[in-house]
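Written out below as structure tokens is the structure these notes cover.
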Amino acid sequence: MKSVIASFVLPLAMAATASTTLTTPASAGGRDKDFFQSVEGKWVGPGEIIAGKYKGTKFTCNFTGSSPAEKVGMTLDGACRVGVFTQQMSATVENKGRNGYKGTFMGGSSGAGLDIISGSVVDARKVVFNINRNQLNGLMQARIPDDNSMVVTVSVRVDKQIVPVIGMNLKRVDAVSVGSIAKN
Numbered sequence: 002m003k004s005v006i007a008s009f010v011l012p013l014a015m016a017a018t019a020s021t022t023l024t025t026p027a028s029a030g031g032r033d034k035d036f037f038q039s040v041e042g043k044w045v046g047p048g049e050i051i052a053g054k055y056k057g058t059k060f061t062c063n064f065t066g067s068s069p070a071e072k073v074g075m076t077l078d079g080a081c082r083v084g085v086f087t088q089q090m091s092a093t094v095e096n097k098g099r100n101g102y103k104g105t106f107m108g109g110s111s112g113a114g115l116d117i118i119s120g121s122v123v124d125a126r127k128v129v130f131n132i133n134r135n136q137l138n139g140l141m142q143a144r145i146p147d148d149n150s151m152v153v154t155v156s157v158r159v160d161k162q163i164v165p166v167i168g169m170n171l172k173r174v175d176a177v178s179v180g181s182i183a184k185n
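Going by the numbering used here, the sequence shown opens with residue 2, and the numbers climb by one from there.
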């Protein structure tokens with residue numbers, strides 16, 4: 002049962018960490034790059050499945066965020082753990098010009114993961130992405146309330162409603178952006 006969570010729900014959580022809202026591709030400039038650069042570094046923290054069959058399941062994640070020098074976007078690599086099960090995670094999102102933000106999580110829908118089909122940086126502290134895999138459509142939102150915290154929420158569409166299903170609270174554990182170290 003826990004392996005089902007590790008193989009599907011946790012990838013959804015990771016995908017959420019790399020996504021957020023809709024703006025025009027032309028706006029992908031300094032503000033967007035600043036947001037993605039603020040995600041650079043090492044992040045750790047707990048998460049929980051807050052709806053559905055596995056509601057109440059808790060997990061912990063470790064991620065390393067990076068952003069390409071020549072493009073607007075980011076990559077998150079790491080792993081999430083439920084009990085003794087660990088699932089490697091990888092997500093990449095990049096501005097594709099007129100097509101907006103696109104990306105993949107765990108190889109995209111052609112593999113075991115999800116496609117990031119659109120999204121944008123809402124402001125300097127928040128991003129939202131639309132995610133998709135077959136019949137599953139939803140949103141990933143990442144909010145950075147301060148330099149050392151990131152809150153990620155993954156929601157899915159159910160009967161024309163958006164239902165939050167995963168929540169994560171990550172803390173920065175290196176000095177990449179702010180020159181301080183949060184407790185692990």
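Idealized CB from N, CA, C, for every residue including glycine.
{"query": "Delimiting residues of the alpha helix (DSSP H) encompassing R158", "result": "That residue, R158, is in no alpha helix (DSSP H); its beta strand (DSSP E) goes S150 to V159."}
{"query": "Segment limits, beta strand (DSSP E) that includes Q142", "result": "L137 to D147"}
{"query": "Per-residue DSSP class, three states only, for A17", "result": "Because the pLDDT at A17 is just 46, under 50, the model does not fix this residue reliably, and the value given afterwards should be weighed accordingly. A17: helix per DSSP, three-state reduction."}
{"query": "Local conformation of K127 per DSSP, three classes", "result": "strand"}
{"query": "When D147, I117, R126 and G48 are compared against N133, the one with the closest alpha-carbon", "result": "I117"}
{"query": "Outcome for A70 when other beta-carbon atoms lying within 10 angstroms are tallied against a minimum of 16", "result": "exposed"}
{"query": "First and last residue of the uninterrupted beta strand (DSSP E) at G46", "result": "G42 to I50"}
{"query": "Assigned secondary structure, M79 (DSSP; H/G/I helix, E/B strand, else coil)", "result": "Reading off the sequence, residue 79 comes out as Gly, not Met. DSSP places G79 in strand when its eight states are reduced to three."}
{"query": "Backbone secondary structure at D35 - three-state DSSP", "result": "helix"}
{"query": "G114 (DSSP reduced to helix, strand or coil)", "result": "coil"}
{"query": "C-beta contact flag for M75 and V129 at 8 Å", "result": "no"}
{"query": "Bridge partners - A92, DSSP secondary structure assignment", "result": "L77 and F106"}
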